Every structure is written in structure tokens, then in C-alpha cells.
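Q: Residue numbers (my numbering): -5 to 629. Note that CB positions come from ideal geometry on N, CA and C, so glycine has one too. Since this is a predicted model, take the numbers as computed values, not measurements.
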Amino acid sequence: MSNYHIKSLEEYFNVYRRSIRNPETFWAEVAEEHFLWRKKWDKVLEWDFKEPKIEWFKGAKLNITENCIDRHLVTKADQPAILFEPNNPDEDSIAISYRQLHERVCKMANVLKSKGIQKGDRVVIYMPMIPELAVSLLACARIGAVHSVVFAGFSSSALAARINDCEAKAVMTSDGSFRGAKTIAIKAIVDEALKNCTTVETVLVVNRTGEDVQMQVGRDHWLEPLLDEADSHCDAEIMDAEDPLFILYTSGSTGKPKGMLHTTAGYMVYTAYTFKNVFQYQDEDVYWCTADIGWITGHSYIVYGPLANGATTVMFEGVPSYPDFSRFWEIIEKHKVNQFYTAPTAIRALAKENLDYVTGSDLSSLKVLGTVGEPINEEAWHWYNDHIGDKKSPIVDTWWQTETGGIMISPIPFITPTKPTYATLPLPGIQPVLMDENGNEIFGNQVDGRLCIQFPWPSIARSIWGNHQRYAETYFSAFPGMYFTGDGALRDEVGYYRITGRVDDVIIVSGHNLGTAPIEDAINEHNAVAESAIVGYPHDIKGNALYGYVILKETGENRDRDNLKKEINQVITEHIGPIAKLDKIQFTAGLPKTRSGKIMRRILRKIASNETENLGDISTLLNPEIVDEIIKGKI
Ligand code: PRX
-5 MSNYHIKSLE EYFNVYRRSI RNPETFWAEV AEEHFLWRKK WDKVLEWDFK EPKIEWFKGA
55 KLNITENCID RHLVTKADQP AILFEPNNPD EDSIAISYRQ LHERVCKMAN VLKSKGIQKG
115 DRVVIYMPMI PELAVSLLAC ARIGAVHSVV FAGFSSSALA ARINDCEAKA VMTSDGSFRG
175 AKTIAIKAIV DEALKNCTTV ETVLVVNRTG EDVQMQVGRD HWLEPLLDEA DSHCDAEIMD
235 AEDPLFILYT SGSTGKPKGM LHTTAGYMVY TAYTFKNVFQ YQDEDVYWCT ADIGWITGHS
295 YIVYGPLANG ATTVMFEGVP SYPDFSRFWE IIEKHKVNQF YTAPTAIRAL AKENLDYVTG
355 SDLSSLKVLG TVGEPINEEA WHWYNDHIGD KKSPIVDTWW QTETGGIMIS PIPFITPTKP
415 TYATLPLPGI QPVLMDENGN EIFGNQVDGR LCIQFPWPSI ARSIWGNHQR YAETYFSAFP
475 GMYFTGDGAL RDEVGYYRIT GRVDDVIIVS GHNLGTAPIE DAINEHNAVA ESAIVGYPHD
535 IKGNALYGYV ILKETGENRD RDNLKKEINQ VITEHIGPIA KLDKIQFTAG LPKTRSGKIM
595 RRILRKIASN ETENLGDIST LLNPEIVDEI IKGKI
């Protein structure tokens, strides 16, 4: 028996021990008992972190959509698979049963096929949170096409960069999107992006807002008439366990975004297993994750993990503040949500508002609360626990990454005693270790270090699309023989983990990963800017906000500073998207640099965070005198 569903702390410890002692047996049992295989694997695991190479369930044949949809048709055909809650509360919500989902996915898959999309082709999906988004992912998976969802808040040039990197053959999008009181012209952003892309032959467009859009003859097609005509049967493409399922871009600390490549079988097994345990999902529960499917959280815990378990998963199109701050809580009451999974930044924003927004809704259906994406501070944890969970719904603080595919460290609700701000214990199969800067493992408790994982788990990303070398360098070179997460963590007296934040040049703003380098590159595109450096500083709601130090060219020195600040944020919006805008911009004559010319971000970070008493040793700087000047000019 695989202990697919852990039911007590004792069982957790037993399962954990077994999963570490013999991971292959453990995962083979889980895979065998709970999934549909067209052919079983020849070998459970083959790996070498030195190359690096990781292969799970090699030789197995399957299709993930048969696991997420077809097999539930026997017992759950009429159960809602997706409950769609529109942006506007006056618009009806839509329940899509497993039977309907099957039909919609098959039709969409046939439309893709009719446009010449085949196994292995890349399809970029740039869509708001509407049912067609989930259907599009699954339709790609049905025919073996590799989806790459780009969050619909990214700018046209960020979209173009991703389309070009994966050489997408098709783009799936909508005319526009509704977000709160705003309507955004999504198709126009795609049009702009495609001016700089040569690989895209087909653009499929969902009619959502009724916006006027331009359709390029031969390339662009409205989806609705094609779906109406499409056959509602589509055989699932039989995939190898290690065939690519999707590419999802995440920011790196340097250069262009990394297209993390996830493959089929291991990803399916791990996301399904962790969904079941971390949310203690029971049949007929209603589960809601507020993330966008444009991020890994949405892939793993709106679409694949829940559907693989035959769950009912809520998809919300809107924002927590529209029409007012009670929207989340009203949706929980309306759909009698049992498990609710959101980000600390949303909790902090909602906790600032009047409590009447919460108390107006009946939240008694809630059983489990989750958080993800960034550290949750103690105050937000308690507010969530007291006012949303009524002190009886355990909070699962889930630590994981785009690269890990699924939740790695998290309490199991009702089983692992929770501790505010702690992600607590590793899930079965996960072997965290803490390392010091010299590459030595830090043993024992009440210690902190760099968080690494020393053995592969089924859903680890297998590569960076088109750049395996970068994958090797980013994740496996800092601590040879281990996967390096880029995070710092501490381990308390009982072995609980607390994630303390990034130790590299990635800054997490409102739960979004932002690399400093791409933002600096964008700013440097402004014709008045000579050089720039971005750091994060603590922010009440966003967790971190961005502080930019900017050196102007001579030609820029006479320009109005307020206008320049606006223009700089405009350039960032154009190159990346509004999520990367700077909260503060300080113009400076220089930046602190080492003798080798590297910007000392540590110093800039401390200045931005008002920690100027303790700057450490600055004597090794090439230009120590600049430090005082920057402190004087601090905003
Ligand atoms: O720094 C950690 C933080 O988010 C990073 C991963 O970001 P991303 O790939 O966008 O995936 C986010 C959703 C899984 C991590 O390296 N992070 C994520 N969850 C937590 C967290 N930091 C603290 N506590 C968490 N629960």
C-alpha cells in the first residue's frame, strides 16, 4: 500500500522515513495504485545531478489528460470539475462538469490539430483567467503539444521574448480581459508582440470582452466557430513519461527568463500526491486557489493536481478588491469553499481593510487555508488564522518553486502542528539540507543556511528550454551533487524549516519573482540612463518593493526628475510589465563597486531598507566615498 493519503502524524513520519530510505519503491507504489498508465515504466528513476539528468518512470506511456479527465467519467461525469467565477459578480458563475470538460478539451484539441499543431510543437497561451485557459492547457496536453503559459500581465516585449525563446507555432489568446473595473486589450498586446516573432503561424482568439480587434487573415481565427464545428472526440496522444508537458518562464538573477521544462509522468504523480495530502482533499470538497494559471501555482494546483484527484476546482477571473474588498469572502460563501489557497500579499492587503468586509460572509465551510509564494509574516498569519480560519482551519504555509513543480515543504493539515511563519516539514520524498557558504552541510537544529535538496523528486524541472548548460550552472553548480534553491532557510529546535528569503538577485514582490538584471536592462534602455541597480526593501503589503538607483547620462542631467521617474517606470512596463515597476527611484552620481567592477548590492539594499548603521566593510570598494552621498540622497 502506498499511503497515498496520510492520515496521522505517526503515519507521516513512517511514510517519510520509507520515502527517503527507498524513494524508488515509494514513488512506484504511489504511481502504480493511483494513476492510469498505457504502459508501466521500465525503471522508476535514473539520475545524476552532475550531468544533470533526471528521469522518472522511464519507459512508461500515458496521457495526463486521461488521468485528469477521462478516468473520472466513470464515477464523476456530472460533478463540477471547474467552477468558474467571473470578474463581474452580476455575471453567472459556470459549473463545468467532468463530462463537459472532456468535451471542451477534445474539441479544443481538434481545433489545434486542424491548425497543424502536433506532438512536440510549442503553443504559447496568453489569456485571462477564463475556463478556456484551463481547457487550452489540457488540449495541448491531449495532443502532446507543449504549452507555455505567459501571465497576461506581461508586456508585449516580454511576451515576444518568450514566444521567440520557445519558437512557438501558435498563440492562444482572447480579445480582451476583465480585471476589476478595467478592460484590457489582450489581443492588441499579442499583435504588438508578433511584430517581432517569426515562428507563429496561428493565433486562436476567444471572444471574452467583445472588444474590437484586428484579425490578420490567414493567421488569426476566432475560436468559437472552430469549436462549434470541431469533433467532440479526440484520442489522447500516448506520451512517454519524460516527454515535455510544458515550459514555464521564471525570472533569473541574470539575463533572459528561464523556460523551466516540466515533463509528464513525474509531474503528474507529484502534483496529484501533494494536492491530496497538503489540502487533505476529500471527495466532493470545493477547492479554490486564487493564483493565476500564468504561474506555476495555477498549473499545479488549479489545473493538474486537483483534476488528477477528481476534485472540484474554482477559477476566479477577477481581483480581490472588486467590486469591493469582500469579494474573496463572498466567493467562499457562494461556492461553500472547503480549501482556500492564496498569497501572503493578498492576505496583507485584505487585512488592512475594515473587518466588516470579512464578517459579512459565512466562512464556515472552510477546512484548510493555504499560503504560497513568499514568506508570510506573523501578523498576516494571525489575521488569516483568526478572521478567516476562525482559529480552527489549519494554515498550510507551502514552500516550493516554479522549478520544483510541486509543494516541497509544508504542514499536512490536522496532522503537522503549525507554527506561524514556518513551512515546517518536508513532504515525503523531499530531502532538504542546509549548506554554508563554503559548501559544507550544516547539521543539527537551530541553524540557518542555504537551502538545497539532495535527492530528486518526481516533479523537479528537467532542464531550461534550449539551454541545459544554464540549468546545470544555475541549480547544480553552487553545491555539487545537490539542487540549490536560491533560498535561505533556518531549521528550528524540532527540525521545522522557515524560509528566510532569496539569497540571490531575485526579488519577490507581491509573490512574483523578479530578477534584478532584466529590470536594470529595461531601465538602461531609457535614453537618459547610463546605469542602474535595483534592490528590494521591505514593504507592508507587497512583502518587498523595488528601489532603483539610477545614474543619468550627461544628456539627462537637466531633465525634470519627476518626469524621468515616470518615463523609467514606463520603460519597465513596456519591457516587462507593470508588476516590475519601481516604488522608489533615486538618482545618483555613482554606484558602490568592487575593484572588479561588480555592484555591491548588499550596501544598496541596506540603504534602501534604512539599515545604514551597519553597512559592513566598505573599505574594499573602488569608490567608498559614494556610499555617504547615496545615504544623503535616500528617498
Ligand atoms: O523564495 C521562495 C518563495 O518563492 C520562490 C519561488 O517563486 P516561484 O518560482 O515564482 O514560485 C512561487 C510559487 C510556488 C521561492 O524560491 N516562496 C515560495 N513559497 C514560499 C516562499 N518563501 C517563503 N515561504 C513560502 N511558503
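For the segment 150 to 226, which segments carrying the beta strand (DSSP E) assignment without a break, of at least 3 residues, lie completely within its bounds, in sequence order?
A: With a minimum length of 3 residues, the continuous beta strand (DSSP E) runs that stay inside the segment 150 to 226 are 164 to 168, 171 to 173, 176 to 178, 196 to 200, 214 to 216.
Q: Just checking my contact of Lys250 with Asp159 at CB under 8 Å: how many whole Å lie between their CB atoms?
A: Contact flag correct, Cβ pair sits at about 7 Å.
Q: Can you check whether the CB of Ile180 is closer than 9 Å to the CB of Ala146?
A: Against a cut-off of 9 Å, the Cβ pair of Ile180 and Ala146 comes out as a contact.
Q: Do you know how far the Cα of Leu609 is from the Cα of Ile597?
A: Distance between the alpha carbons of Ile597 and Leu609: 6 Å.
Q: How many angstroms separate the CA atom of Asp384 from the CA atom of Ala343?
A: For Asp384 and Ala343, the distance between alpha carbons rounds to 19 Å.
Q: State yes or no: is the C-beta of Ala417 nearer than 8 Å to some heavy atom of the ligand PRX?
A: Yes; taking the cut-off as 8 Å, the Cβ of Ala417 has a heavy atom of the ligand PRX nearer than that.
Q: Can you say whether Arg456 is buried or exposed, counting buried as having 16 or more other CB atoms within 10 angstroms of its CB?
A: Result: buried.
Q: Report the rounded CA-to-CA distance for Trp375 versus Thr412, giving the unit in angstroms.
A: Approximately 11 Å, taken between the alpha carbons.
Q: With Trp50 as the anchor, note down where its beta strand (DSSP E) starts and where it stops.
A: 47 to 52 is the span of the beta strand (DSSP E), which, as asked, contains Trp50.
Q: Do Ala302 and Gly292 have their C-beta atoms closer together than 9 Å?
A: Result no, Cβ atoms of Ala302 and Gly292 do not sit closer than 9 Å.
Q: Return the chain-ordered list of same chain residues with a C-beta closer than 7 Å to the C-beta of Ile529, the five sequence neighbours on each side being excluded.
A: It is worth fixing the name first, because residue 529 is Val in this sequence and not Ile. Tyr541, Arg595, Leu598, Arg599, Ala602.
Q: Contact defined as beta carbons within less than 8 Å: I believe Val199 pairs with Leu221. What is the distance between those atoms, to the nearest angstrom?
A: That pair is no contact at about 12 Å.
Q: Below 6 Å CB to CB, which residues in the same chain sit around Gln333 once its five sequence neighbours on both sides are set aside?
A: The answer, listed in chain order, is Phe273, Tyr281, Val362.
Q: Run the proximity test for Asp391: is its beta-carbon closer than 8 Å to any non-hydrogen atom belonging to the ligand ADP?
A: Of the ligands one can find in the structure shown, namely the ligand PRX, none is the ligand ADP.
Q: Is Gln333 helix, strand or coil by DSSP?
A: Of the three classes helix, strand and coil, the one that applies to Gln333 here is strand, per DSSP.
Q: According to DSSP, is Phe20 part of a helix, a strand, or is it coil?
A: It is helical.
Q: Shorter than 8 Å, the distance from the beta carbon of Asn507 to the closest heavy atom of the ligand PRX, or not?
A: Yes, Cβ of Asn507 sits closer than 8 Å to a heavy atom of the ligand PRX.
Q: Within 10 angstroms of the Cβ of Ala75, are there 16 or more other Cβ atoms? Answer buried if so, exposed if not.
A: Burial call: buried.
Q: Let's see if you can read the secondary structure: which residues bound the beta strand (DSSP E) around Glu525?
A: It spans 523 to 533 - the beta strand (DSSP E) in which Glu525 sits, taken as one unbroken run.
Q: Measuring CB to CB, does Thr415 end up less than 9 Å from Thr392?
A: No. Outside cutoff.
Q: What beta strand (DSSP E) runs, 3 residues minimum, are completely inside the segment 530 to 565?
A: Correct list: 537 to 546.
Q: Could you tell me the distance, in whole angstroms, from the CA atom of Val297 to the CA atom of Phe269?
A: Using only the alpha carbons, I get a separation of about 11 Å.
Q: Identify which residue in Ile629, Leu616, Thr606 has its Cα closest to the Cα of Asp622.
A: The shortest C-alpha separation from Asp622 is found at Thr606.
Q: Throw me the rounded Cβ distance for the Met123 and Met309 pair, which I believe falls under 8 Å.
A: The Cβ separation is near 6 Å, so the contact holds.
Q: Cβ atoms of Trp323 and Ser355: under 9 Å apart, would you say?
A: Cβ distance < 9 Å, so Ser355 and Trp323 count as in contact.
Q: Hey, could you find the ends of the beta strand (DSSP E) Ser130 is sitting in?
A: Run containing Ser130: none in the beta strand (DSSP E); it sits in the alpha helix (DSSP H), 125 to 137.
Q: Measure the beta-carbon distance from Thr418 to Tyr491 and round it to whole angstroms, keeping in mind my assumption that it falls under 8 Å.
A: Indeed they touch by this definition, with Cβ atoms about 7 Å apart.
Q: Determine the extent of the beta strand (DSSP E) in which Gly260 is found, giving its start and end residues.
A: Not the beta strand (DSSP E): Gly260 falls in the alpha helix (DSSP H), residues 259 to 272.
Q: DSSP state of Trp451, grouped into three classes?
A: Note: Trp451 maps to coil in three-state DSSP.
Q: Comparing the CB of Gly367 with every heavy atom of the ligand PRX, is any distance shorter than 8 Å?
A: The answer is yes for Gly367.
Q: Let me know the alpha helix (DSSP H) ranges lying completely inside the segment 388 to 476, each 4 residues or longer, listed in chain order.
A: With a minimum length of 4 residues, the continuous alpha helix (DSSP H) runs that stay inside the segment 388 to 476 are 462 to 470.
Q: For Gln580, does the three-state DSSP call read helix, strand or coil?
A: DSSP places Gln580 in strand when its eight states are reduced to three.
Q: To the nearest whole angstrom, what separates the beta carbons of His96 and Leu67, a pair I think is in contact under 8 Å?
A: That pair is a contact at about 6 Å.
Q: Around the Cβ of Ser504, are there at least 16 other Cβ atoms within 10 angstroms (buried) or fewer (exposed)?
A: Ser504 should be labelled buried.
Q: Are there 16 or more other CB atoms within 10 angstroms of the CB of Pro407, so buried, or fewer, so exposed?
A: It is buried - the Cβ of Pro407 has at least 16 other Cβ atoms within 10 Å.
Q: Is the beta carbon of Val523 less than 9 Å from the beta carbon of Leu546?
A: Yes, the pair counts as a contact, with Cβ atoms nearer than the cut-off.
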